[in-house]
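Here the protein sequences come in this chain order: D and F. One point on numbering: in this note's numbering, the residue at position 102 of the first sequence is 107, and numbering is uninterrupted. One point on numbering: in this note's numbering, the residue at position 44 of the second sequence is 49, and numbering is uninterrupted. Quick reminder that beta carbons are idealized off the backbone N, C-alpha and C, glycines included.
Protein chains: 2
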Amino acid sequence: MDPSKHSSINRRVLISSLATLPVLSGTLLPGAALAQAPSVPLLSWNEGTAKHAILDFVRLTTDRSSPSYVAPEERISVFDQDGTLWVEHPMYTQVVYCLERVPAVVEKRPELKDVEPFKTVLSGNREAMARLSTRDLEEILAATLTGMSVEEFNAEVKQWLEAAEDPRWGQHYTELVYQPMLEVLRYLRDNGFKTYIVTGGGQDFVRVYSQQVYGIPPEQVIGTAGGTTFGYDRDGKPFLTKEPKLLLNDDKAGKPEGIHLMVGRRPYAAFGNSNGDREMLEWTGAGTGARLKMLLLHDDPRREYAYGPAQGLHDSKVGTFTQALYDEAKQKGWVVVSMKNDWNEVFPPTTVGRTTR
Amino acid sequence: MDPSKHSSINRRVLISSLATLPVLSGTLLPGAALAQAPSVPLLSWNEGTAKHAILDFVRLTTDRSSPSYVAPEERISVFDQDGTLWVEHPMYTQVVYCLERVPAVVEKRPELKDVEPFKTVLSGNREAMARLSTRDLEEILAATLTGMSVEEFNAEVKQWLEAAEDPRWGQHYTELVYQPMLEVLRYLRDNGFKTYIVTGGGQDFVRVYSQQVYGIPPEQVIGTAGGTTFGYDRDGKPFLTKEPKLLLNDDKAGKPEGIHLMVGRRPYAAFGNSNGDREMLEWTGAGTGARLKMLLLHDDPRREYAYGPAQGLHDSKVGTFTQALYDEAKQKGWVVVSMKNDWNEVFPPTTVGRTTR
């Protein structure tokens with residue numbers, strides 16, 4: 006399942022050793038970097054159109070003498086997660102989670118052992134896994150994301166995040182967040198904006214780490230959401246079970262629909278990186294006054310990845326950013342951020358310091 | 006539709022005259038009372054078990070030396086609305102709204118004029134309206150709450166709330182909120198708690214006035230919610246249409262399910278007044294540490310209404326509070342608030358001053 010499982014053992018040992026050094030203690034998570042960030046805003050952004058669009062937007066919406074002044078309670082900003090706040094290539098982290106959870110699920114439900122698609126996932130045959138259909142994947146998602154209490158699910162995700170590592174960088178997934186975006190989150194909050202995540206990923210999954218990693222509380226995470234069912238255990242104690250019933254498909258048109266459901270206000274700032282964010286940016290841009298609409302272009306194969314318009318990787322299953330979206334952005338004056346040119350750092354200093362290759 | 010329509014004309018004239026007096030200007034809404042409330046907490050509460058349960062809970066959860074101390078970001082409190090924050094008898098305000106919107110809907114859709122149940126509602130025959138089935142009511146709710154853009158809906162509700170009056174008191178519905186509960190909301194917020202409304206009523210309906218009336222922003226209103234559909238108008242401008250598709254039935258077991266969907270944390274304090282709030286209080290009470298669970302008993306026919314256990318009105322369609330719920334409350338140590346004995350005021354001073362009978 007984890008293609009690096011065998012090759013990364015030495016890296017893991019090395020990282021464990023590094024982690025015990027006193028100088029690094031307490032700085033292992035981006036949250037720590039966030040807390041220690043200097044008060045100069047957007048330090049990891051190079052001077053240019055993108056950085057100044059953010060600074061101008063905040064000035065226009067928070068200066069009381071500005072015609073675009075926005076009352077503090079109206080200051081809502083929304084951020085896609087995968088590919089906007091953290092790495093999404095080569096596979097969405099939550100999909101990695103679901104695949105890696107299959108052995109534990111089969112242990113509890115041995116009848117699935119010889120049944121597809123679980124049999125293929127257990128085989129570890131990556132070519133066969135790459136051929137799994139959408140329906141197969143949905144079955145895996147349902148088996149690994151539903152059927153347990155909300156507390157059990159939270160504990161399972163937390164445990165996995167503390168152990169799992171991205172194969173390219175040998176880092177925890179929660180460390181592969183974009184330092185410039187952490188700075189935007191912080192800068193907007195320092196100026197009275199509420200920051201929301203609006204993700205096609207699972208709402209309950211992201212809520213497990215959103216506070217620690219992004220400083221965003223669970224109630225400000227909007228994601229693809231399934232229903233729960235209220236019930237009682239043998240002692241009469243109530244609990245909620247996660248059900249395989251889709252309430253909100255928080256992608257594309259589902260993003261503005263999800264924002265209406267969960268917030269009930271139109272955002273003033275929206276950040277995305279793919280066609281899944283198009284409607285959210287359109288909805289944000291259709292409001293009056295100053296509205297910030299930004300799309301992150303992954304054009305930095307050295308420090309991260311290159312995909313999207315004129316970058317290759319067009320057939321990728323994640324982060325589709327078509328030429329049509331790029332053209333719409335240019336036509337409507339949305340800001341396209343170049344990872345390569347606009348960011349002088351990609352990852353937090355604590356992550357960079359621990360990256361082993 | 007409005008049984009007081011004819012008899013209340015003189016009252017309305019009187020109120021209009023009163024409203025023009027300078028001494029009352031700016032004090033017509035509870036929000037004003039809220040802003041001017043003194044800093045002594047819970048002034049409208051008589052000394053007794055209920056008041057002290059609230060004071061003790063706040064001390065236990067906010068004193069850093071207390072074993073029940075709760076971190077500020079975890080301080081979530083939830084409030085039912087109908088019968089807990091404002092009057093629900095003899096009919097839920099939102100149902101009154103839907104019935105009174107029927108003429109406007111029929112004007113736009115004349116084909117409904119001679120079709121049931123709209124024909125009956127238009128007739129104004131109250132006996133016939135009382136016999137409408139649940140299915141009839143659902144049809145009326147769908148016709149009056151869906152099919153328009155979210156902005157159109159907000160404008161329609163706002164306009165109605167500014168004009169409509171409760172027949173008993175001759176007051177706007179938003180003025181018939183409970184002063185002691187406004188004080189609880191404020192006291193909890195002053196102590197770092199986020200206050201949420203968790204209502205069986207319509208989420209979009211309550212969000213129109215929640216900030217002004219309760220100081221609760223729309224994103225902290227959880228209610229029965231329908232889906233919306235994202236689309237574009239002729240000029241390519243995006244908008245959201247309210248659809249007759251139920252996403253969340255926020256009553257009974259739907260309340261803890263709705264809290265999980267919208268907040269993702271278990272509340273520390275929950276306030277209700279009926280069997281519809283039972284699961285929410287159970288879910289709150291099943292958490293560790295200090296948790297406040299309160300039920301309001303309507304036992305004050307002189308100042309408001311009397312219903313619930315041993316109060317008569319047992320067959321009422323609103324605010325069902327069975328003996329079984331009362332027994333569960335006593336057994337689990339939930340606090341039952343007596344409107345008659347625990348509250349020295351029911352409505353805000355500005356409302357009381359303008360009540361004409």
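- Within chain F, P223, E224 have C-beta atoms less than 8 Å from the C-beta of D:V268, given in sequence order.
- F:W50 carries a strand assignment under DSSP once its states are collapsed to helix, strand and coil.
- Chain-order list of chain D residues neighbouring F:G207: empty, with the shortest C-beta distance near 12 Å, by a criterion of under 9 Å.
- At a cut-off of 8 Å, the C-beta of F:K242 has a neighbouring C-beta in chain D.
- Rounded to whole angstroms, F:T179 and D:N280 show a C-alpha spacing of 43 Å.
- Going by C-alpha positions, D:S82 is about 6 Å away from D:Y273.
- Between F:D255 and F:T229, the C-beta gap is smaller than 8 Å, which places the two residues in contact.
- Shown here, D:M96 sits in coil according to DSSP, grouped into three states, outside any helix or strand.
- The beta-carbon of F:V111 is placed no less than 8 Å from the nearest beta-carbon of chain D.
- The beta-carbon separation of F:L47 and F:Y192, rounded to 6 Å, stays under the 8 Å limit for a contact.
- Contact between the region 301–314 of chain F and the region 342–351 of chain F is present, with at least three C-beta pairs closer than 8 Å.
- A contact is defined here as three or more CB-CB pairs under 8 Å, and the region 168–187 of chain D fails this definition with respect to the region 256–266 of chain D.
- For the region 82–127 of chain D, the full-length alpha helix (DSSP H) segments reaching 4 residues or more read 98–113 along the chain.
- Annotated three-state conformation of D:Y178 is helix, per DSSP.
- Non-local beta-carbon contacts of D:L117 in its own chain, meaning distances under 6 Å to residues more than five positions away in sequence, involve V111, F123 in chain order.
- D:G207 has its alpha-carbon roughly 10 Å from the corresponding atom of D:V226.
- For the region 119–137 of chain F, the beta-carbon criterion of a distance under 8 Å to any beta-carbon of chain D is satisfied by none of its residues.
- For F:M299, the enclosing beta strand (DSSP E) begins and ends at 297–302.
- Excluding sequence positions up to five before and after F:R271, its CB lies within less than 7 Å of the CB of W288, T289, G292, all in the same chain and listed in chain order.
- Within 7 Å of the CB of D:T233, the CB atoms of chain F belong to E262, H265, in sequence order along the chain.
- By the C-beta density criterion, F:Y237 is exposed, having fewer than 16 other C-beta atoms within 10 angstroms.
- According to the DSSP assignment, F:K247 belongs to the beta strand (DSSP E) that extends over 243–253.
- Think of a sphere of 9 Å around the beta carbon of F:W288: the chain D residues whose beta carbon falls inside it are F235, P243, F244, L245, in chain order.
- In this structure, D:D282 sits away from D:K247, with a CB-CB distance that is not shorter than 8 Å.
- Look at D:Q176: its C-beta is not under 8 Å from any C-beta on chain F.
- Annotated three-state conformation of D:K345 is helix, per DSSP.
- Counting only runs of 4 or more residues that sit fully inside the region 178–243 of chain D, the alpha helix (DSSP H) segments are 184–195, 208–212, 215–219, in chain order.
- With respect to the 8 Å criterion, D:T233 and D:V155 are classified as neighbours on the basis of their beta carbons.
- Counting only residues of its own chain and dropping the five nearest sequence neighbours on each side, F:A133 has a CB closer than 8 Å to the CB of T125.
- Closer than 8 Å to the CB of F:V63 there is not a single CB belonging to chain D.
- Listed in chain order, the non-local C-beta contacts of D:T325 below 7 Å within the same chain comprise S279, N280, local neighbours out to five positions each way being set aside.
- Inclusion of D:D85 and D:T204 in the CB contact set at 8 Å is warranted, their separation being smaller than that value.
- Counting C-beta pairs closer than 8 Å gives three or more between the region 101–108 of chain F and the region 147–163 of chain F, which meets the contact rule.
- Listed along chain F, no residue sits closer than 8 Å to D:A334 by beta-carbon distance, the nearest being about 15 Å off.
- Annotation: D:D68 to D:E79 spans about 14 Å, alpha carbon to alpha carbon.
- Taking D:F276 as reference, the option from D:R64, D:H94, D:P185, D:E121 with the minimal CA-CA separation is D:P185.
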